[in-house]
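Student:
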Amino acid sequence: MSRAVVFDAGTAAARTQIISYPIPHLFASSKNEVLVQFLAAPINRVDLMLLDGQYPIRPKHHFENKLVPGFDGCGVVLASTSPGFSKGDMVIPRDLGLGTWRTHAVLPAGSLIGLPAATPPLAGALLRSGALIAWLLLHEVRALQEGDAVIVSAGTSTVAWFLVQLARLRHVSVFLVVRDRDPDELKDVRERLLGLGAAAVISESELRASLAGEAPTPACLPVRPTMALDSVFGPVGQLLVETLAPGGPLSWLACWVDTGLISRSIRDISSTGSCLFSLSGAQNL
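Residue numbers (full-length UniProt numbering): 1 to 285.
(1) What's the gap between the Cα of V223 and the Cα of S205?
(2) Could you have a look at G88 and say whether DSSP puts it in helix, strand or coil?
(3) Please list the segments of the beta strand (DSSP E) lying wholly inside the region 90 to 174, counting only runs of 3 or more residues, in order along the chain.
(4) In its own chain, which residues sit with a C-beta less than 6 Å from the C-beta of A134, not counting the 5 before and 5 after it?
(5) Would you report the Cα separation of F27 and L35, rounded to the nearest angstrom?
(6) Quick one: what's Y55 bridged to in DSSP?
(7) Are the beta-carbon atoms of R94 and L112 separated by less than 7 Å?
(8) Are D47 and P24 touching if we call contact CB-CB under 7 Å?
(9) Can you tell me whether DSSP reads T188 as helix, strand or coil?
(10) Under DSSP, the alpha helix (DSSP H) around V241 begins and ends at which residues?
(11) Nearest-angstrom Cα distance between L196 and P22?
(12) On the DSSP bridge list, what partners appear for R3?
(13) Tell me whether G124 is buried or exposed, calling it buried when 16 or more other Cβ atoms sit within 10 Å of its Cβ.
(14) Quick check on G195: does DSSP put it in helix, strand or coil?
(15) Among the residues of its own chain, which have a CB less than 8 Å from the CB of M1, if the five just before and after it don't count?
(16) Under a Cβ-count criterion, where at least 16 other Cβ atoms within 10 Å of its own Cβ denotes burial, should E33 be classed as buried or exposed?
(17) Taking Cβ to Cβ, would you say L137 is nearer than 7 Å to L39?
(18) Leaving out five residues before and five after G130 in sequence, what residues of the same chain have Cβ atoms less than 7 Å from its Cβ?
(19) Using a threshold of 7 Å, state whether the C-beta atoms of V150 and M49 are closer than that.
(20) Between the beta-carbon of P42 and the beta-carbon of D72, is there less than 7 Å?
(21) Would V177 and A198 qualify as a contact pair, given that the criterion is a beta-carbon distance under 7 Å?
(22) Could you give the DSSP three-state label for L48: helix, strand or coil?
(23) Relative to the C-alpha of V141, which candidate in G248, G114, H61 and F7 has its C-alpha closest?
(24) Of the choices L107, C220, T103 and G99, whose alpha-carbon is the least far from that of F85?
(25) For the beta strand (DSSP E) that contains A228, what are its first and last residues?
(26) Since I believe L240 is in contact with S153 (beta carbons under 8 Å), could you give me their beta-carbon distance rounded to a whole number of angstroms?
(27) Classify P249 as helix, strand or coil using the three-state DSSP reduction.
(28) When you compare the CB positions of L211 and E242, do they come within less than 7 Å of one another, or not?
(29) Is it true that the CB of G97 sits closer than 7 Å to the CB of P56?
Quick look at the structure:
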């Protein structure tokens, strides 16, 4: 039997449930379809926004009028009528809204991307919304040079973890800003992120206190960063702006939504003449 997480999109706050159903199969007459067994599927922020009715992209698949969530995942091909895929191939979604929170699915071959056979399922599941976005941010926002520094909010996010490791390969320093938390927890988080290669790990309150001084460089940072990447917005985004070296860009990592959740936070940020603002939304990444 297969299992899937489903939810009713008609309710104000979606309640999920797990259902069981027979493992689907491919018909001999079907063309360019693939039977996939999902081996790993993360729970991302966008998944939670979807369940809360705050994300504009809806799932494409449903069971008995209940939608199947899950934007990212990694699976193995069990059967295929497409020349592009064979049994045993590792795949991830190409399209959004495929519904990866289920064990088995028959999907159009064009909605999938093949991965190297040795790809660990967990790594594959984090590739598109984690490693790929981190790589694009390091290469597309600004041409970074060896010795440059980047400051990043949401420092414990998956994207931040990948970004630190990719930046280290290019000899670019990364300063991670994390939310305030218990001192012991902050110590553990700091040690873990420094172990990945972060040049500094600063809490929001530490950064705020450091910027209150009159020193040309915030006391908690070795140098002023040449670029800021923000996915928190509001007061935290303002703090990142204030750390930037002259001419340094601030890039927002977000998907613009009609609810105004993000736009309200952005209005809290006052730009300075030296800052270039860019929106790196889903349509760009």
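Where a beta carbon is used, it is the ideal one built from N, C-alpha and C, also for glycine.
Tutor: Straight from the coordinates:
(1) Here residue 223 corresponds to residue number 223 of the sequence shown, with the count starting at 1. Here residue 205 corresponds to residue number 205 of the sequence shown, with the count starting at 1. Cα to Cα, the separation comes out at about 19 Å.
(2) The residue you call residue 88 lines up with position 88 of the sequence shown. Coil, per DSSP.
(3) 90 to 93, 104 to 108, 112 to 115 and 149 to 152
(4) Position 134 of the sequence shown, counted from the start, is the residue given in the question as residue 134. The beta carbon of A134 is closer than 6 Å to those of V159, F162, L163 and L166 in its chain, skipping five residues each way along the sequence.
(5) Walking along the sequence shown from the start, residue 27 turns up at place 27. Walking along the sequence shown from the start, residue 35 turns up at place 35. So the two alpha carbons sit approximately 11 Å from each other.
(6) As a first step, residue 55 is located in the sequence shown; it is residue number 55 there, counting from the start. None; Y55 has no bridge partner.
(7) For the purposes of this step, residue 94 is taken as the residue at position 94 of the sequence shown. For the purposes of this step, residue 112 is taken as the residue at position 112 of the sequence shown. The criterion of a C-beta distance shorter than 7 Å is satisfied by R94 and L112.
(8) Position 47 of the sequence shown, counted from the start, is the residue given in the question as residue 47. Position 24 of the sequence shown, counted from the start, is the residue given in the question as residue 24. For D47 and P24, no; Cβs fall outside 7 Å.
(9) By 1-based counting over the sequence shown, the position of residue 188 is 188. Note on identity: in this sequence residue 188 is Asp, with Thr being the wrong assignment. DSSP places D188 in helix when its eight states are reduced to three.
(10) Stepping through the sequence shown from its first residue, residue 241 is reached at position 241. Its alpha helix (DSSP H) spans residues G234 to T243.
(11) Walking along the sequence shown from the start, residue 196 turns up at place 196. Walking along the sequence shown from the start, residue 22 turns up at place 22. Answer to the nearest angstrom: the Cα atoms are 43 Å apart.
(12) Locating residue 3 in the sequence shown gives position 3, where the first residue counts as 1. Paired residues: S20.
(13) The residue you call residue 124 lines up with position 124 of the sequence shown. Burial is judged here by how many other beta carbons sit within 10 angstroms of a residue's own beta carbon; G124 has at least 16 and is buried.
(14) For the purposes of this step, residue 195 is taken as the residue at position 195 of the sequence shown. DSSP places G195 in helix when its eight states are reduced to three.
(15) If you number the sequence shown from 1, residue 1 lands on position 1. Same-chain partners within the cutoff: S20, Y21, P22 and I23.
(16) Looking up residue 33 in the sequence shown gives position 33. Residue environment for E33: buried (at least 16 other C-beta atoms within 10 angstroms of its C-beta).
(17) By one-based count along the sequence shown, residue 137 stands at place 137. By one-based count along the sequence shown, residue 39 stands at place 39. Contact flag unset, no.
(18) For the purposes of this step, residue 130 is taken as residue 130 along the sequence shown, with counting starting at 1. The residues are T158, V159 and F162.
(19) Taking the first residue of the sequence shown as position 1, residue 150 is located at position 150. Taking the first residue of the sequence shown as position 1, residue 49 is located at position 49. Not in contact: V150 and M49 (Cβ atoms no closer than 7 Å).
(20) If you number the sequence shown from 1, residue 42 lands on position 42. If you number the sequence shown from 1, residue 72 lands on position 72. In this structure, D72 lies closer than 7 Å to P42 by Cβ.
(21) Within the sequence shown, residue 177 is the residue found at index 177, counting from 1. Within the sequence shown, residue 198 is the residue found at index 198, counting from 1. It is not a contact, given that the beta carbons lie outside the stated cut-off.
(22) What you label residue 48 is simply residue 48 of the sequence shown in a count that begins at 1. In the structure shown, L48 sits in a helix (DSSP, three-state: H, G or I).
(23) The sequence position of residue 141 within the sequence shown is 141, counting from 1. Out of G248, G114, H61 and F7, G248 has the C-alpha closest to the C-alpha of V141.
(24) Counted from its first residue, the sequence shown places residue 85 at position 85. Nearest of L107, C220, T103 and G99 to F85, Cα basis: L107.
(25) Mapped onto the sequence shown, residue 228 falls at position 228. Unbroken beta strand (DSSP E) run through A228: M227 to D230.
(26) Translated into positions along the sequence shown, residue 153 becomes position 153. Translated into positions along the sequence shown, residue 240 becomes position 240. Correct: roughly 6 Å between the Cβ atoms.
(27) One-based indexing of the sequence shown puts residue 249 at position 249. If DSSP states are grouped into helix, strand and coil, P249 belongs with the strands.
(28) Translated into positions along the sequence shown, residue 211 becomes position 211. Translated into positions along the sequence shown, residue 242 becomes position 242. Contact flag set, yes.
(29) For the purposes of this step, residue 56 is identified with residue 56 of the sequence shown, where counting begins at 1. For the purposes of this step, residue 97 is identified with residue 97 of the sequence shown, where counting begins at 1. Not closer than 7 Å, so no.
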